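For what it's worth, the working numbering labels the leading residue of the sequence shown as 68, then goes sequentially.
Ideal Cβ positions, reconstructed from N, Cα and C, are used throughout, including at glycine.
Being a predicted model, the structure only gives us computed values, none of them experimental.
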Amino acid sequence: MSSRFYRFLQILLLVALGAFLVEKTLSGKLTWYINVRFMPLTLLGVALLTIMVIALMRHTQKTANVQEHLHASPINLLVLLIPVLIGILVPNRPLDAAAVASKGVTLNAPLVASENAEQQFDMAADERNIVDWLRIFSSESDLSPYLEQQASVIGFVYRDESLPENQFLVSRFVITCCAADAFALGIPVEWDGEMLEDNVWVKVKGGVEVSYWQNQKVPLILAESLEVVEEPEQPYLI
Numbered sequence: 068m069s070s071r072f073y074r075f076l077q078i079l080l081l082v083a084l085g086a087f088l089v090e091k092t093l094s095g096k097l098t099w100y101i102n103v104r105f106m107p108l109t110l111l112g113v114a115l116l117t118i119m120v121i122a123l124m125r126h127t128q129k130t131a132n133v134q135e136h137l138h139a140s141p142i143n144l145l146v147l148l149i150p151v152l153i154g155i156l157v158p159n160r161p162l163d164a165a166a167v168a169s170k171g172v173t174l175n176a177p178l179v180a181s182e183n184a185e186q187q188f189d190m191a192a193d194e195r196n197i198v199d200w201l202r203i204f205s206s207e208s209d210l211s212p213y214l215e216q217q218a219s220v221i222g223f224v225y226r227d228e229s230l231p232e233n234q235f236l237v238s239r240f241v242i243t244c245c246a247a248d249a250f251a252l253g254i255p256v257e258w259d260g261e262m263l264e265d266n267v268w269v270k271v272k273g274g275v276e277v278s279y280w281q282n283q284k285v286p287l288i289l290a291e292s293l294e295v296v297e298e299p300e301q302p303y304l305i
């Protein structure tokens, strides 16, 4: 492989990788892979890729008529090619019920970080999300102030085999760094209407009672209404 052709492949793969990151950022889909707080680092990475491409193009122009001795290892190109192929070939969708089945689900959230951790106990019941409710039931010894409050949460349906036929989990994934460390949280919902399939996004409203999951107190929403909704632009809780 000539050094000029090797440089061309390097530039092509760097441009492809940068274009992939830019497209995911502009479409809002990059947060399906990483936590939103790492977006500035991603943009910095795009800037560095741009600088590398410009530097390689200038170097290639300067050495166009010079015999350059270059150790052109295909492994170096493969390192750049792998993330590009993953971005193209791996289905572009957030984690769903299939991932819950393989990763498992937890109904305990005492250690999940949250910017409003100090305010969640005082916020209106219908403003709390799944993490908020689970953290309350994990950390509060006296749950009486929260019982029969009206919850309103959004998540996707997950039918866990351990639950009664008239119950399902309204679930969301929490992502702390990237999709690799994401884990699913869920709240049991008791619903006497038509049971929906897994992965259907719903808005559940109803009173909160105490239930038990693996000998732990967890919230149980006695659904008074169940509305099918669109998947949120940001499907993960952060």
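Between residue i and residue j, which are expected to be in contact by the criterion C-beta below 8 Å, what is the C-beta distance as a whole number of angstroms?
| i | j | result |
| --- | --- | --- |
| C245 | I155 | With 8 Å as the limit, C245 and I155 do not qualify as a contact, their Cβ atoms being about 19 Å apart. |
| A218 | K272 | 7 Å |
| L162 | L201 | Rounded, the Cβ-Cβ distance is 18 Å, inconsistent with contact. |
| I221 | P107 | Not confirmed; about 28 Å, so no contact. |
Keeping to the same chain, check which residues put their C-beta closer than 6 Å to that of residue i; ignore five residues upstream and five downstream.
| i | result |
| --- | --- |
| K91 | L97 |
| F240 | L162, A249, A251, Y303 |
| V256 | F235, V237, V271, I288, A290 |
| L144 | L76 |
| G260 | none |
| S94 | none |
Report buried or exposed for residue i, applying the criterion of at least 16 other Cβ atoms within 10 angstroms of its Cβ.
| i | result |
| --- | --- |
| V295 | exposed |
| L88 | buried |
| W99 | buried |
| S69 | exposed |
| Y279 | exposed |
| P212 | exposed |
| D189 | exposed |
| I197 | buried |
| V146 | exposed |
| R195 | buried |
| A180 | The pLDDT assigned to A180 is 49, lower than 50, so where the model puts this residue is not dependable; a value taken from the coordinates is nonetheless given after this. Result: exposed. |
| I203 | buried |
Taking residue i as the reference, which of the options has the closest Cα?
| i | options | result |
| --- | --- | --- |
| M124 | I288, L80, L287, V198 | L80 |
| V275 | A290, D248, V269 | A290 |
| P231 | W258, Q281, A164 | W258 |
| R71 | L214, K129, R195 | K129 |
| S169 | L76, A247, D199 | A247 |
| E215 | E194, V157, P286 | P286 |
| I288 | L263, V237, P299, Q301 | V237 |
| S140 | E207, Q77, S229, Q281 | Q77 |
| V167 | E297, K284, G253 | G253 |
| S206 | G260, Q283, F75, E297 | Q283 |
| V277 | L116, F105, D209, T243 | D209 |
| A164 | I203, E228, I142 | E228 |
| V103 | I242, E261, E297 | I242 |
| I305 | F105, L115, S94 | F105 |
| Q281 | I142, V172, S94 | V172 |
Identify, in the order they occur along the chain, each residue of the same chain with its Cβ nearer than 8 Å to the Cβ of residue i, setting aside the five sequence neighbours on each side.
| i | result |
| --- | --- |
| V267 | F223, V224, V295 |
| P150 | L84, F87 |
| L263 | V224, F235, V269, L293, V295 |
| G112 | L88 |
| M119 | L81 |
| H126 | R74 |
| E297 | W268 |
| T117 | G85 |
| I142 | none |
Note down, in chain order, each residue of its chain lying with its Cβ closer than 7 Å to the Cβ of residue i, except the 5 sequence neighbours on either side.
| i | result |
| --- | --- |
| R226 | F235, D265 |
| N41 | Only positions 68 to 305 of the chain appear in this structure, which leaves residue 41 out of reach. |
| Q301 | T98 |
Based on the DSSP secondary-structure assignment, which residues constitute the bridge partners of residue i?
| i | result |
| --- | --- |
| L287 | E276 |
| F250 | V241 |
| L225 | A small correction: the amino acid at residue 225 is Tyr; Leu does not occupy that position in the sequence shown. DSSP output for Y225 lists L236 as bridge partner(s). |
| W268 | F223 |
| T173 | L252 |
| E257 | Q234, L289 |
| A218 | G273 |
Are any of the Cβ atoms in chain D nearer than 8 Å to that of residue i?
| i | result |
| --- | --- |
| M106 | Going by chain labels, chain D is absent from the structure shown, which holds only one protein chain. |
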